[in-house]
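*Asks:* All the letters of the sequence shown, read from the start, carry residue numbers 29 to 163 under this note's numbering.
Once you've had a glance at the structure underneath, I'll fire off some questions.
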Amino acid sequence: MKCSQCGAQINEGDIFCGSCGNKVAEEVESVEVEEVEFSEEENSSQEEQVFIDPNQCPNCGSYNTKTKNKLWSIIKNILAIVLLSWIPILGWIVIIFAAIGIIYNLIISKRFICKDCGEEYVPTLDKYREKYQEL
29 MKCSQCGAQI NEGDIFCGSC GNKVAEEVES VEVEEVEFSE EENSSQEEQV
79 FIDPNQCPNC GSYNTKTKNK LWSIIKNILA IVLLSWIPIL GWIVIIFAAI
129 GIIYNLIISK RFICKDCGEE YVPTLDKYRE KYQEL
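Encoded structure:
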């Protein structure tokens with residue numbers, strides 16, 4: 029081993045260089061990293077990623093779908109506000125829950141109906157996993 033400052037020979041276990049007095053840096057043992065290649069069998073055992081297309085029916089695979097009409101749900105919430113808001117305490121509770129229902133129907137809820145087989149579905153990964161595991 030050589031000194032990093034003056035290049036003089038240093039014995040193992042020495043803390044300082046004998047010629048210049050420089051502190052010897054502790055060496056870190058190098059570890060060899062072995063590259064591992066996976067075979068196709070091992071790769072196939074890993075879960076495959078599935079692309080979810082919300083416009084494709086998970087039941088029949090048709091792309092002839094439409095979104096469920098949310099208008100009736102919104103109208104029911106608005107009617108609840110109009111009819112029950114005149115009651116002081118109950119009215120505020122109804123207004124709050126109806127507003128939450130309207131927001132849910134407009135923004136969060138995504139339901140689709142297949143025009144070919146008539147199935148109503150929410151695109152979730154579970155249905156697609158079941159379908160593609162059979163293949």
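For each residue, glycine too, the CB sits at the ideal point set by N, CA and C.
Would N133 pass as a contact of S113 if the rule is Cβ separation under 8 Å?
*Replies:* In the sequence shown, residue 133 corresponds to position 105, counting from 1. In the sequence shown, residue 113 corresponds to position 85, counting from 1. Not a contact, by the Cβ cut-off of 8 Å.
*Asks:* I'd like the span of the beta strand (DSSP E) that includes K98, first residue to last.
*Replies:* Within the sequence shown, the letter at position 70 stands for residue 98. Unbroken run through K98: none, as it is neither H nor E.
*Asks:* Here's the rule I'm using: 16 or more other beta-carbon atoms within 10 Å means buried, otherwise exposed. How should F140 be labelled?
*Replies:* Locating residue 140 in the sequence shown gives position 112, where the first residue counts as 1. Flag for F140 reads buried.
*Asks:* The beta strand (DSSP E) spanning F140 covers which residue range?
*Replies:* Indexing the sequence shown from 1 puts residue 140 at position 112. That run of the beta strand (DSSP E) goes 140-142.
*Asks:* Quick check on S90 - is its C-beta less than 8 Å from some C-beta in chain C?
*Replies:* This model lacks chain C altogether; it includes just one protein chain.
*Asks:* Rounded to a whole number of angstroms, what is the C-alpha to C-alpha distance between C88 and I109?
*Replies:* Within the sequence shown, residue 88 is the residue found at index 60, counting from 1. Within the sequence shown, residue 109 is the residue found at index 81, counting from 1. The straight-line gap from Cα to Cα measures roughly 40 Å.
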